[in-house]
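Reviewing the structure listed below.
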Amino acid sequence: MSNSTTGNVENKIFNGIKYPEIDNLPLKFEIIAKHGKARASLLTLPHHQCNTPMFMPVGTQGTVKGLTSQQLVDLNCGVVLGNTYHLGHRPGPDVMDQVGGLHQFMNYPRAMLTDSGGFQMVSLLQLAEITEQGVQFQSPHDGSTMILTPELSMQIQNSIGADIMMALDDVVSSTTTGPRVEEAMYRTLRWIDRCIHAHKKPETQNIFCIVQGGLDARLRDICMDGLIQRNFPGYAIGGLSGGESKDMFWRVVHQCTSKLPENKPRYLMGVGYALDLVVCTALGVDMFDCVFPSRTARFGTALVPSGSLNLKSADYRYDFTPIDSECTCMVCKNYTRAYLHIVAGKEAIGGQLITYHNIQYQMSLMSQLREAIIQNQFPQYVNNFIKKQYPKKDCPQWAIDALNAVNIQINYDL
Amino acid sequence: MTEVDQLEFTITNEIDQIRSGKLSIVNNKIEKKSILTPTCLLYTKEGNPINLTKDLLEGLSNNKPLGLHLSFSDIYQFSNVLEKFGKGSHKFLSLENQVLFCMIRDANGFAETLETSDQHMMVNTRKGKTKVTVEEYQKISNQYIQPDVLSQFSVDIAWNVSRKKAIKLVTQNSSWLKSQIKLTPSQYHSKLFAVIQGSKYKDQRMLSLKEAVAHQQSIGGFILGSFGSGESPKEREDLLSELLPQLPKTKPRLITGIGSPEEVLSLVELGIDIFSNNYPNLMTEWGNALTFKFKFNSNNNNNNNNTQNEVESIINKINLWDSKYVIDKSPLVSDCKCFTCTQHTKAYIHHLLNTHEMLAEVLLTIHNTYHYLSFFEEIRNAIISNQFKSYKDTFLTQRLKE
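Protein chains in written order, with the working numbering: chain A, 10 to 423; chain B, 664 to 1065.
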């Protein structure tokens, strides 16, 4: 490792790669208020200035299920996710190049983020073989053998052109234990330099790295050391939300947010349940993504401050109130639970309407969390949230423990 | 008690049998909303225009009212919900701004009918068939559904049924009409459309027509029943050209199940005002975008120098599954003002179809519906400017044979 300074930016060289790649990164992160570890910030990306903490809806194949790009803007979404694995297959990087990238392709004017394709290693592991070179797997579409290398992941993500790209990591399921976790963590570190080296558009696209190391605090620490030295514009916490106990989950998040640099955005991958969003915001996470709100919508479940409503249930047959009487979204202004009960889980329109509301729910939860941090009301907000979600005082212990760890006490009697 | 809405029809221009008009919903002499004819009705499922959330629907028509076809059997399944709700289907379905036609015949093609008796017909529901009597039909429709237009209690049968069956239905149909008028409070009469049955048998059609016309003081319009049920366009036109001149001009005429642009133009010429069909949605289901040319002026001066673009645009429809659109960054129709065409490309829609994403249908529905509605707008303009016949002629010369 060698250090040199250009202007105010300290450059570091790892394996022949200069970090950061360029002096003027296409990202600015400005914390505007804090409460304990929780932060409210402005994240400025090439296509949009985003308010954090934020939830990023998942548009796997270049669309958030059933919603138009205009509706995403109407819902005031900031970053929308695309999946490199899926978009790499269809329409593929050549098409992406020719149509001018994903922003143009789906005509979404705001910011986007692409994952690395690495997560599919976990979900397709029975088909995949991981070597130092990359991940070899059979295409589920045509059965051909493909190898996803850090270079190829970068190439596809460069074609997609999202504001934030994720480095290819060696993902292991969060329930895996033993030497495989350590191997994956070290490989993630080795692959990072290859990702940076292969990145062709550092002026317009940022690379976030991903902290791996399973549930092992020592490995997480080593991984973070390696990543922090390289000075990334943002850091993701990966390898969670895969079936581990919530007690382990929050401790890993807490450990990571305690060590990751204060002045960089932190992204917790694959997390989107309301309680997790609230707790992890308290722990200092800025960005979240999850398919849950849109997926559950297609099965007829709507998200509300008291939890969720299964609109398919006969309970709502004659319920002429909106999903959430305090929600101001297009769906809540116009449709009743009784009508949604008729179409929920059956007609496409049911999925469209409930997805719309659920995205609105996520957006407004995040903006309320942000407002509470700015107004110095964060602990009160968290308390109110938990009282609404758990009126029977049965908030899971892990959440209470996690909040205690950042000095937020849950008191049902206040 | 607030007054019941009344339906009014005014003719704005007519040449021979061809007419343009306005169908208005009037309350206490104040017009609440109206749609211009000739027009088409949007198809709905469970009361919702397919794939269109409220924001998309209103954007599609620039907040102007549209006519929507509600299928009685769809709504019947939650009529007890509407009963409790008590404020009618406009409010329940969040379609206050729209003109709702409650119809028995499904606009999505023709299904051979179910048994009937003098007292009832069978209605297909999710849970199977249910008997519905005229009394129930009248009550559910007027009290719970509260549509702007209500079809007479009637069932459509195939073109080629036996004479015996046709006669039986015509007799039944007449007695149903009488019962329904009797059962319907007079303030609801303007919304009631009588149905003319009789299949291919002209004498039976005439009988049915005379019966309906005899009650014209108690009805708001006419439905030409049992078309699109196996007849050829020629058979249909021959029969309709006999029937339509016998109808009072002052009332609107509706036909179900006919939708291709050629057929629409022929029937407009014969005097049809309202078309209820599933044509744009069928196009969407097949991954097609309507691209046919319907602008009157452009039809006139299109003889010389066809550019590549113009050759493309006189194709009636394009199929977005076709891999030739994989990197096509142009809109479905280059000068189309719809949301889909101003916002999205063929390449994107091709990708959405290819990946089985719901948004493909949403975007195609918006374009196809908009395109089809614009076609009707052009028909109305041609009628108002006394040029319908030349419009029809140029349209048909221009149009490629399907």
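Virtual Cβ for every residue (Gly too), placed ideally from N, Cα, C.
- Neighbours of arginine 189 of chain A in chain B, taken as residues at a C-beta separation under 8 Å, are lacking, since the least C-beta distance is about 33 Å.
- In the three-state reduction of the DSSP assignment, histidine 732 of chain B falls in the strand class.
- Cysteine 59 of chain A is bridged by DSSP to A/Leu52.
- Look at histidine 1007 of chain B here: in three-state DSSP terms it is coil, with no helix or strand label.
- Here DSSP, grouped into helix, strand and coil, assigns glycine 884 of chain B to strand.
- Each residue's CA atom was taken as its position, placing serine 889 of chain B and isoleucine 978 of chain B some 31 Å apart.
- Per DSSP, isoleucine 681 of chain B is one residue of the beta strand (DSSP E) stretching across 681 to 690.
- Chain order gives no chain B residues near glutamine 164 of chain A, where near means a beta carbon separation below 7 Å; the closest approach is about 18 Å.
- Excluding sequence positions up to five before and after leucine 378 of chain A, its CB lies within less than 6 Å of the CB of Pro62 and Thr290, all in the same chain and listed in chain order.
- As a beta-bridge residue in DSSP terms, threonine 779 of chain B pairs with B/Met784.
- Counting the other Cβ atoms within 10 Å of the Cβ of isoleucine 1047 of chain B gives fewer than 16, which makes it exposed.
- Taking 7 Å as the threshold, the shortest C-beta distance from glutamate 356 of chain A to chain B falls below it.
- Around the beta carbon of arginine 346 of chain A, 16 or more other beta carbons lie within 10 angstroms, which makes this residue buried.
- Here leucine 312 of chain A is not near alanine 353 of chain A, since their CB atoms are 7 Å or more apart.
- Under DSSP, proline 712 of chain B forms a beta bridge with B/Thr707.
- The criterion of a C-beta distance shorter than 7 Å is not satisfied by phenylalanine 741 of chain B and isoleucine 767 of chain B.
- By the neighbour-count criterion, in which a residue is buried when 16 or more other Cβ atoms sit within 10 angstroms of its Cβ, lysine 1009 of chain B is buried.
- In chain order, Phe114 and Met115 make up the part of chain A whose C-beta sits under 7 Å from the C-beta of tyrosine 1011 of chain B.
- Just so you know, the alpha carbons of lysine 980 of chain B and leucine 945 of chain B end up roughly 12 Å apart.
- By the neighbour-count criterion, in which a residue is buried when 16 or more other Cβ atoms sit within 10 angstroms of its Cβ, glutamate 898 of chain B is exposed.
- Ranked by Cα distance from asparagine 836 of chain B, the options B/Gln850, B/Lys854 and B/Leu870 are led by B/Leu870.
- For the stretch 745 to 765 of chain B, the set of positions with a beta-carbon nearer than 7 Å to some beta-carbon of chain A reads Lys747, Phe748, Phe755, Leu756 and Ser757 in chain order.
- An exposed status is given to glycine 791 of chain B, since fewer than 16 other beta-carbon atoms sit within 10 Å of its beta-carbon.
- Contacts with chain B (Cβ-Cβ distance below 7 Å) from the stretch 312 to 326 of chain A involve Arg326, listed in chain order.
- Look at the stretch 359 to 423 of chain A and you find these whole runs of alpha helix (DSSP H), each 4 residues long or longer: 387 to 398 and 406 to 414.
- Out of B/Asp866, B/Lys828, B/Lys873 and B/His878, the CA that lies nearest to the CA of histidine 852 of chain B is found in B/His878.
- For the pair methionine 155 of chain A and aspartate 298 of chain A, the CB atoms are not nearer than the 7 Å cut-off.
- Comparing C-alpha distances from glycine 950 of chain B to each of B/Leu1015, B/Ser1037 and B/Gly749 shows the shortest one belongs to B/Leu1015.
- Residue burial annotation: glutamate 874 of chain B is buried, with at least 16 other C-beta atoms found within 10 angstroms of its C-beta.
- Here glycine 722 of chain B has Phe1002 as same chain residues with Cβ atoms under 7 Å from its own Cβ, once five neighbours each way along the sequence are excluded.
- In this structure, DSSP gives glutamate 356 of chain A a state outside helix and strand, which the three-state scheme calls coil.
- DSSP places arginine 916 of chain B in the uninterrupted beta strand (DSSP E) bounded by 916 to 919.
- Residue-level contact check: threonine 1018 of chain B touches chain A, since one or more beta carbons of chain A fall below 7 Å from its beta carbon.
- Along the stretch 340 to 352 of chain A, the positions whose C-beta sits under 9 Å from a C-beta of chain B are Val340, Lys342, Asn343, Tyr344, Thr345, Ala347, Tyr348, His350, Ile351 and Val352, read in chain order.
- Nearest neighbour of valine 812 of chain B by Cα position, chosen from B/Glu778, B/Leu733 and B/Leu745, turns out to be B/Leu733.
- DSSP places tyrosine 327 of chain A outside both helix and strand once states are collapsed to three, so it counts as coil.
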